[in-house]
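In the UniProt record's numbering, the protein residues as written are 1 to 450. Take a look at the structure below.
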């Protein structure tokens, strides 16, 4: 209201000056807003000695009008001047009033949007020429979206409503000049987004400053921030997870709301085996595999979801196979030098580490066992090559020894037979007769009864 009254007073003063250009007086106009009465006064400069009565006044006379007056001040004359504005003066006053009102409106707009500098506002696209600056309608003002501040993958169409970040607000002759952008590096940074339009989205965020919770900052107090985005997307579900540089931790968080108990990475295949409790297996996979599919897009890894029971079977099979390989290597290393035996023992001991690292341990043990096996094969080939001449000599020597032993046995047998022939007595001497009487006298003694 005060600005409007000031604009009208300035316009009336300009009109009265135009009606009396010869007077050369400095005119001041006062408007009573209650009655609408207009008073016109001549402004005079306070001086020590007056040279022009219409434009100057002494200090003594000025002190009668206003007490706190000093040399060089301007005071209004005690009596108002007669005034009767003409048609031209009225037209001039109208133009001045309109101009002052426009200036006041621009100033109010500048103050209003200057308060939103650094905030996010919604606007409607007015011009959408590809590769050029876009003009947005923010309601009472227009904003400029330069080409450098646009997202390359986005396509804007006329009438589309978009949200922009107010970068700066400057005062200009035609109104406030508002510069905005679609991307802004603030405290919370969006690392990755995976979305199935109309159904569900997963967003990975991180904080650029320590001590700030990125997930809580995006959700807001009582979920007011995320709820406004959900309403804008017509009720689409949004999962906000904390980004982590460790792939295992990031994959575990991306499968929210499930709680994985173990993540195993297979870098060669860009695959991650995720173990979840049996009761959360369906929750981790999601409806028609949606949760796993979005998590795979968000992390860039192929995910293989396993239940706890299935994982226990796989782990036992791996440990059994690794133990068999280690036992076989230990048997082969029984006849090896000390250095190779120590290598096999090391491979066997590796199998006794904790279970979370079992896959890497099994792979390392298998590699060591394979190396020991290759060393065994190489040594066996070298030993066989070196032992071939000696083996031929041993065979020939064994053949000679066997022939000599056989001849000695035959000779010994012949000597024994000859000795037996010489010790046998003559046939007459050797026969001893027994008579019938002798036979009758021979009776066996009866056994005594006990």
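A virtual CB, placed ideally from N, CA and C, is assigned to each residue, including glycine.
Check your understanding: For the candidate residues 285, 237, 274 and 301, whose alpha-carbon lies nearest to that of residue 268?
Key -> If we check each option's Cα against that of residue 268, 301 comes out closest.
Exercise for review: Report the residue ranges of all alpha helix (DSSP H) runs contained in full by the stretch 204 to 274; include only those spanning at least 4 residues, in chain order.
Suggested key: 214 to 219, 224 to 232 and 247 to 254, all fully within the stretch 204 to 274.
Check your understanding: From residue 299 to residue 247, what distance separates their C-alpha atoms?
Key -> Straight-line Cα distance between these residues: approximately 8 Å.
Practice item. Look at residue 143 and residue 123 and say whether their C-beta atoms are less than 7 Å apart. Key: A contact, by the Cβ cut-off of 7 Å.
Check your understanding: Looking at the structure shown, is residue 55 part of a helix, part of a strand, or coil, going by DSSP?
Key -> Residue state, collapsed to three classes: coil.
Point to revise | DSSP three-state assignment for residue 170, whether helix, strand or coil | key: Strand.
Practice item. Hey, could you find the ends of the alpha helix (DSSP H) residue 331 is sitting in? Key: Here the alpha helix (DSSP H) through residue 331 covers 308 to 332.
Practice item. Count the CB pairs spanning the stretch 131 to 138 and the stretch 146 to 154 that are closer than 8 Å, and state whether there are at least three. Key: They touch, by the three-pair rule.
Practice item. Please look up how many angstroms separate the CB atoms of residue 272 and residue 251, rounded, as I've assumed it's under 8 Å. Key: Here residue 272 really is in contact with residue 251; their C-beta atoms are around 5 Å apart, less than 8 Å.
Check your understanding: What do you get for residue 294, buried or exposed, if any count of 16 or more other CB atoms within 10 angstroms of its CB means buried?
Key -> The residue is buried, with at least 16 neighbouring Cβ atoms inside 10 Å.
Practice item. Quick one: grab the DSSP three-state call for residue 122. Key: Correct three-state label for residue 122: strand.
Check your understanding: Does the stretch 102 to 122 touch the stretch 148 to 168, meaning 3 or more C-beta pairs lie closer than 8 Å?
Key -> Touching, yes.
Exercise for review: Since I believe residue 100 is in contact with residue 11 (beta carbons under 8 Å), could you give me their beta-carbon distance rounded to a whole number of angstroms?
Suggested key: The C-beta distance from residue 11 to residue 100 rounds to 7 Å, short enough to fall under 8 Å.
Check your understanding: Under the rule that 16 or more other beta-carbon atoms within 10 Å means buried, what is residue 51, buried or exposed?
Key -> The residue is exposed, with fewer than 16 neighbouring Cβ atoms inside 10 Å.
Point to revise | Same chain only: Cβ atoms within 7 Å of residue 139, ignoring 5 sequence neighbours per side | key: If we look at residue 139 and ignore the five residues flanking it on each side, it has no Cβ neighbours.
Practice item. Evaluate contact between the stretch 213 to 226 and the stretch 253 to 260, counting only Cβ atoms and requiring at least three cross-stretch pairs below 8 Å. Key: Short answer: they don't touch.
Review point. With 16 as the cutoff for other CB atoms within 10 Å, does residue 153 come out buried or exposed?
Key: Looking at its Cβ environment, which holds fewer than 16 other Cβ atoms inside 10 Å, residue 153 is exposed.
Exercise for review: Kindly indicate which residue of 65, 64, 59 and 2 has the alpha-carbon position closest to the one of residue 72.
Suggested key: If we check each option's Cα against that of residue 72, 59 comes out closest.
Review point. Quick one: Cα of residue 109 to Cα of residue 179, how far?
Key: Looking at the backbone, the Cα of residue 109 and that of residue 179 are separated by about 14 Å.
Exercise for review: Check whether the stretch 274 to 290 touches the stretch 226 to 233, counting contact only when three or more Cβ pairs, one atom from each stretch, lie closer than 8 Å.
Suggested key: Taking 8 Å as the limit for Cβ pairs, the verdict is that the stretch 226 to 233 does not touch the stretch 274 to 290.
Point to revise | Contact set for residue 77: own chain, Cβ-Cβ below 7 Å, skip 5 residues either direction | key: Non-local C-beta neighbours of residue 77 in its own chain, meaning closer than 7 Å and more than five positions away in sequence, comprise 41, 42 and 44, ordered along the chain.
Practice item. For the beta strand (DSSP E) holding residue 285, just list the boundary residues, first then last. Key: Per DSSP, residue 285 lies in no beta strand (DSSP E); the unbroken alpha helix (DSSP H) holding it starts and ends at 281 to 285.
Practice item. Decide yes or no for the touch test of the stretch 4 to 18 against the stretch 91 to 100: beta carbon pairs closer than 8 Å, at least 3 of them. Key: Taking 8 Å as the limit for Cβ pairs, the verdict is that the stretch 91 to 100 does touch the stretch 4 to 18.
Check your understanding: In terms of DSSP beta bridges, what is residue 74 paired with?
Key -> DSSP, once it has assigned bridges, lists 45 as partnering residue 74.
Review point. Can you tell me whether residue 249 is buried or exposed, with buried defined as 16 or more other CB within 10 angstroms of its CB?
Key: For residue 249, the number of other beta carbons within 10 angstroms of its own is below 16, and it is reported as exposed.
Exercise for review: Per DSSP, which residues does residue 30 bridge with? Please list them.
Suggested key: In the DSSP output, where bridge partners are listed per residue, residue 30 has 39.
Check your understanding: With a Cβ-Cβ cutoff of 7 Å, do residue 188 and residue 205 count as a contact?
Key -> In this structure, residue 205 lies closer than 7 Å to residue 188 by Cβ.
Check your understanding: Looking only at its own chain, which residues have a Cβ that is under 7 Å from the Cβ of residue 157, when we skip the five neighbours before and after it?
Key -> Only 125 and 128 meet the Cβ criterion.
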